[in-house]
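Peer 1: Per the working numbering, the very first residue in the sequence shown carries number 1; after that it's consecutive.
For glycine and all other residues, C-beta sits at the position ideal for the given N, C-alpha and C.
The following block contains the structure, expressed as structure tokens.
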Amino acid sequence: MEVKLNGLDSSILAETNVRGSRGRRARLLFVVFDQAGNYAADILFSGRMDAARFAFAGNGQEGNSITVPIIDRMAEWSRTGTERWTDENHRARHEGDRFFYAIAQMSEWPIYWGATKDAPAFTYGD
1 MEVKLNGLDS SILAETNVRG SRGRRARLLF VVFDQAGNYA ADILFSGRMD AARFAFAGNG
61 QEGNSITVPI IDRMAEWSRT GTERWTDENH RARHEGDRFF YAIAQMSEWP IYWGATKDAP
121 AFTYGD
């Protein structure tokens, strides 16, 4: 689903371009107001925003616009992740953190459930 906002001031486009929208939470609401100003609202669609597209055509009613694709959770599950659960990838995201240092060695270890055998010695190395 795409949401398009028209007639925006150029300062709004500049601020959105700087701060970005990708990955932020988005909700499309249906809102009804009565004469007294009371309202009732319901969520029609929710998801995460993808990269916004900008159209610069000057300030005014049909001028500057932002189009933001909103992706629902089911569509996000079908995307391929960019993160790998390896020590190298984890250190690239969290410098100095060695949380995954043993993953490669542990995949080769035999597991003796309920036995008295000891597991092989672990060797730490880069």
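For M74, collect the residues of the same chain with a Cβ closer than 8 angstroms to its Cβ; drop the 5 residues on either side in sequence, then sort them by chain order.
Peer 2: Hits under 8 angstroms: none found.
Peer 1: Of the choices R48, D42 and G63, whose alpha-carbon is the least far from that of N6?
Peer 2: If we check each option's Cα against that of N6, G63 comes out closest.
Peer 1: Using CA coordinates, which residue listed in L28, W109, I103 and I71 is at the minimum distance from F45?
Peer 2: The shortest Cα separation from F45 among L28, W109, I103 and I71 belongs to L28.
Peer 1: Can you tell me whether L8 is helix, strand or coil according to DSSP?
Peer 2: If DSSP states are grouped into helix, strand and coil, L8 belongs with coil.
Peer 1: Out of curiosity, what's the CA-to-CA distance linking E83 and A40?
Peer 2: Going from the Cα of E83 to the Cα of A40 covers about 41 angstroms.
Peer 1: Considering only the beta carbon of each residue, do I43 and F30 sit closer than 9 angstroms?
Peer 2: Against a cut-off of 9 angstroms, the Cβ pair of F30 and I43 comes out as a contact.
Peer 1: Are the CB atoms of E137 and V68 nearer to each other than 9 angstroms?
Peer 2: Because the chain spans 1 through 126 in this model, residue 137 falls outside it and cannot be assessed.
Peer 1: Ignore the nearest five residues each way along the sequence and tell me which others in F100's own chain have a CB closer than 7 angstroms to its CB.
Peer 2: Excluding sequence neighbours, F100 sits near W85, T86, D87 and H90.
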